[in-house]
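So the structure is just underneath, and the comments pick up after that.
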Amino acid sequence: MLKRYTGWTLALPATLLVALFLILPVAATIGTTFADAKGVFSPYVTFFSSGFRRTVLWRTLEVSLITTAISLVFGFLTAFVVSRAPGRLKSILIIAAVFPLLTGVVVRSFAWLIILGKNGILNNFLVGIGITDEPFSMLYTQGSVIVAMVYLFTPLMILTLVGVLENIPEDLIQASASLGASPAGTFRQVIFPLAVPGLIVGAVLVFTGSFTSYATPQLLGGERQMMMGTFLYQRAMVNFDWVGASTIAAIMVVITVAVVLAMTRIAKRLNPMTT
Amino acid sequence: MTTRPSPALIAIAALVYVFLVGPLVIVIGASLSDTTYLTFPPQGLSLRWFENIFEITAFRRTIVTSLQLAFLATGLALLIGIPAAYALNRYRIQLPSWLSTVFVLPILVPEIVLGFSLLKSVAVGASFPIFVSLLIGHTLLVLPYCVRVISASLASFDFSIEEAAISLGSPPARTFFTIVLPNVRAGVIAAFILAFITSINDVSTSLFLTGPGISTLPIQILAHVEQFFDPTIASVSVLLMFLTVAVMAIVERTLGLTFLAK
Amino acid sequence: MNGGQTNDNRMTQALDITDLTAHYGSTKVLEDLSLSVGAGELVSLLGASGCGKTTTLRLIAGFLEPTKGAIRLGGRDLTRLPAHKRDIGLVFQNYALFPHLSVLDNVAFGLKQRGVASAEREKRARAMLERVGLSPLADRLPGALSGGQKQRVALARALVIEPPLLMFDEPLSNLDAKLRVDMRVEIRQLQRANGTTSVYVTHDQEEAFSISDRVAIMNAGRIMQFDTPEVLYQRPANAFVARFVGFENLIPMRAVARDGETVTAEAAGGARLSLSQERFGAIPDAFTLATRPDGLAVTSGPGTDGIPATLGLRTYLGRAYQYQCETAAGHLVANGALSTPLEPGGTARLVPVPDQCCVLLEV
């Protein structure tokens, strides 16, 4: 009867690792927010009654949405060009999009410190060509965080969408042309609708990535542009307010899980290839 | 072809690529500068800031820790992830359908939440040593890549080959190593590289688990940036980039990067 | 475009291809191909994969650019026209139905591109679905259809725009055998009813011969012979076409004596045959006699005519026995009567049946 349990035996170590060190600890974190002495929902009442905390949550949503929108537009257009590029150029373009992904978040965020700083490249350039005498302070603004995040996530979007666009059979595009659709018409009526599920997947990746990021808002946003990730760290490691930090963690989990589940379901429904 | 993109689209794509590649070029350039402040284009070429990395004890130590963590976590994740992926494909009928979702959870749960939760439960709650906590965190972090990538290769593996080997008298365990594993080698290599890169660049999970005397390179860089803003950071960033590329190159040399061709 | 108005002149236009040459990179895949398809005619391009038939279709459709040559349809020069302005109905091998559009919207797609108003295009798309018998499925997505249904939608989609030229790219190769036969009858009926000039690409000889007015047999980027199925089947012009249509035995011969219209020819090994020029046309001194297995009768009875052979493997065909034979003229395949089965290893004579033979001018 050993055979009946072979599957379980093989999967057991990995399952145990996830159960013991991910499911239990995260459940415990969320659990503590409902075990507060002041009442079941009191940590949440505290969170949502604080104007500052609401601002942090709202800012995080706003930055993530804007980042998602920008990388969606540019990622899609770029992915379209990449997917239609001739063989060799296409591989080079794909590698050029993969390379930033191999480089860590810290390094890539740091690059924008050099570019956007007071004595950074951009300011030197602007002063140099006489647009301004005084360098702009571009760091620690919502804009600097968004620029860095778009930089961070656009490669991911491009790679996701190149895969999706390449999966659209050339036949369909030719069929569309043979029926009289112009290239723009084919793009609008055939390619775009078929790419929508992929766009949703890409958007979910970018949104959750931005929403839960730490290093980028920390380096480019600082105290002034506190986001959920940096706020969680501050509550936990500077203020030692573990219940407060757990509340932030719980809100992050709920929002990301909800977004992922809802959007993947929509994407699946919209995907005609799977029916 | 009939759907050649318009010049306007090509121009946009070109700009996007400048935007993607430019900052990395700037970091590399800045790391070679002879000045004591960060600047680009570099003024006077020098490798002094690379030498400086190794004069700072904290960097020396964290580079070692990061490499140890990345290799150990990747190895562990492969050790338990390969059997899991095999079970998910070969014994699909025996196992509940939600099991594959379990192995995606580490990606679904925000890393920073994982780090914080491990801090509370494992590092503080169970008083695990710092390195062990970090190792647990990193193994969890990279496990989904191992299971998913190898599952994907196994999905296209024809299990009748395995049955053929067994019918010819090869014991099941040996068959796995002589027949199954060589055929999903590309998946294992891809999983190794993805996992290694994820581990060595991780910030959000490690953030909470580093402690006195033990830190990882990205966390150390983050701490260093907040105090000093000199080209050391650029050079150590470049070093991290090259560590990643070097590992890919070594893996490619020894095992072959055939998966990239697919 | 004229809004897809039914217009008999528009529907019956001749296709003229002259000196068409195409390259993939530096490889020449099509060389100086010329082909005329008469108005209302259905012409098949037949050949093995890589022979250039699909390339020709893609050139006509505008998905490839020729390096040389011209394509004219009716009065229009299509050669440099973008694909979407060519107004050609295309039926794809993999159907190429838009997976995100309903059956009705798939059929109406081409009308929409032609600016036909929404109510009108629905009416016409529904009428076309009625004609192919798919009205009840109008609101389904293509993913929910069977292969045969998908192919009907593809056909309806190509026909509804009333194109002056209809092209089929191996349209039946993904269907099972029974459905293939049904569909090709259906395609032929629709094409006849509309009188639309058509080009049909296939590798299936039976399909091409059964459906076409004329067939172009292609090989290595050239047309080997372009004629009616009857002529191709009975009087292939060269060894390639002869083999293609089943003349398995190609026997090199020499004329050794001429007596009026009768030519006596000799094969290697000395076997002699008398051939009538009234039947085969002028016979040169050196030629090739091509026969199907049916065209060589295996006989062991008395007589001296025919090619002496040693019999090899015998297989049962139902209507005859087939023998693998070794002769002085090489390996030949011949059929013998069911009434007198002969044993492998024995000897016999292979007597050509003039009705089943043809003379190829090349050696």
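Chains as they are written, first to last, in the working numbering: chain A, 2 to 276; chain B, 4 to 265; chain C, 24 to 386. Ideal placement from N, C-alpha and C gives every residue a C-beta, glycine not left out.
Collapsing the DSSP output to three states places M241(C) in a strand. Membership of S141(C) in the alpha helix (DSSP H) is indicated by the continuous run S141 to R154. The Cβ atoms of T78(C) and A45(C) lie closer than 8 Å to each other. Note that the C-beta distance between L319(C) and P375(C) is below 8 Å. For T7(A), the nearest CB of chain B lies under 8 Å from its own CB, placing it at the interface with that chain. Neighbourhood of Q212(C) in chain A, by CB distance below 7 Å: empty, with the nearest CB roughly 23 Å away. Here the C-alpha atom of T257(A) lies approximately 31 Å from the C-alpha atom of Q71(B). The shortest CA-to-CA distance from S67(C) to any of A265(C), I330(C), F310(C) and F232(C) is the one to F232(C).
Minimum Cα-Cα distance from I203(B) among the listed residues T60(B), A88(B), R7(B) and I66(B) corresponds to I66(B). Secondary structure of P234(B) (DSSP, three-state): helix.
Sequence-ordered contacts of the region 179 to 201 of chain A with chain C read S179, L180, G181, A182, S183, P184, G186, T187, Q190, V191, P194 and L195 [C-beta pairs closer than 8 Å]. DSSP places Y47(C) within a strand segment (E or B) once states are collapsed to three. In this structure, A251(A) lies away from K123(B), with their beta-carbon atoms at least 8 Å apart. Rounded to the nearest whole angstrom, the CA to CA distance from R180(C) to S158(C) is 13 Å. N272(C) and Y47(C) have their C-alpha atoms spaced approximately 36 Å apart. Under DSSP, M276(C) takes part in a beta bridge, and its partners are A290(C) and F310(C). In the three-state DSSP reduction, Y339(C) falls in the strand class (E or B). Annotated as distal: S36(B) and P26(B), with beta-carbon spacing of 8 Å or more. The Cβ atoms of I29(B) and T235(B) lie no closer than 8 Å to each other.
Taking the beta carbon of P101(A) as reference, the chain B residues within 9 Å of it are L23, V24, P26 and L27, listed in sequence order. Using a C-beta cut-off of 8 Å, the region 196 to 205 of chain A makes contact with the region 258 to 273 of chain A, since at least three inter-stretch Cβ pairs fall below that distance. Three or more beta-carbon pairs separated by less than 8 Å are not found between the region 246 to 256 of chain C and the region 208 to 226 of chain C, which leaves the two stretches without contact. Around the C-beta of K173(C), 16 or more other C-beta atoms lie within 10 Å, and the residue is accordingly described as buried. Selection T34(A), V239(A), V148(A) and Q175(A) evaluated against I71(A) yields V148(A) as nearest (Cα-Cα). When rounded, the separation of the alpha-carbon atoms in G131(A) and M139(A) is 17 Å. As for any alpha helix (DSSP H) of minimum length 4 sitting wholly inside the region 151 to 200 of chain B, the runs are 162 to 170 and 175 to 178, ordered along the chain. DSSP, read as helix, strand or coil, puts N358(C) in strand. The alpha-carbon of V24(B) is positioned some 16 Å away from that of K91(A). When secondary structure is reduced to three states using DSSP, P87(A) falls in the coil class, being assigned neither helix nor strand.
For R189(A), there is no enclosing beta strand (DSSP E), since its DSSP letter is neither H nor E. The beta-carbon separation of R372(C) and T322(C), rounded to 6 Å, stays under the 8 Å limit for a contact.
A contact is defined here as three or more CB-CB pairs under 8 Å, and the region 116 to 131 of chain C meets this definition with respect to the region 170 to 181 of chain A.
For V254(A), the CB contacts under 8 Å within the same chain, skipping 5 residues up- and downstream, are V27 and I31 in chain order. Here F53(A) is exposed: its Cβ has fewer than 16 other Cβ atoms, across all protein chains shown, within 10 Å. CA-to-CA, the gap between T370(C) and Q345(C) works out to about 14 Å.
The alpha-carbon separation between Q223(B) and F132(C) amounts to approximately 59 Å.
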